[in-house]
Amino acid sequence: MSATFRRLALTTDQIVDLDDARGTVVRVASGRVWLTQHGDAVDHVLDAGDAWAVERNGRTIVQAQSPALIDLTGPGAAGAIVPLASAVEPARARRWIARVANERLGRRFVPYL
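Right, dumping it as structure tokens:
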């Protein structure tokens, strides 16, 4: 039986959520990621070429510290959840709202988001 494999391209601050993924290997092809897992007192920073195996079930979070390409192999690869919006999106939305409001209202608009 072949292992499940998934390659993900992440933007800076984008998060991958692995749930009950014991045995899944996270390999960084490029960039840098921060990784933490439930019940582990130590967080991990992985650079290009580094790999780390999820040691226990529970929630594991992988966050890109720079644009990154990661490979997931194993039982948690298929179920990895990658939110569509990254942490940068709310700031981009606020800038767009302010720009459109300024154009249409003809005055400075500060959104309270």
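The working numbering numbers the first residue of the sequence shown as 468 and each following residue consecutively.
Every residue gets a Cβ at the ideal spot worked out from N, C-alpha and C, and that includes glycine.
Whose CA, out of Thr540, Ala488, Ile482, Arg494, lies closest to the CA of alanine 515?
Among Thr540, Ala488, Ile482, Arg494, the Cα nearest to that of alanine 515 belongs to Arg494.
Ordered along the chain, which non-local residues of its own chain (more than five positions away) have a Cβ less than 8 Å from that of proline 582?
A query on residue 582 cannot be resolved here, the shown segment of the chain reaching from 468 to 580 and no further.
Please classify alanine 470 as buried or exposed, where buried requires at least 16 neighbouring CB atoms within 10 angstroms.
It counts as exposed.
Over what stretch of residues does the beta strand (DSSP E) that includes glutamine 530 continue unbroken?
Note, glutamine 530: beta strand (DSSP E), 526–531.
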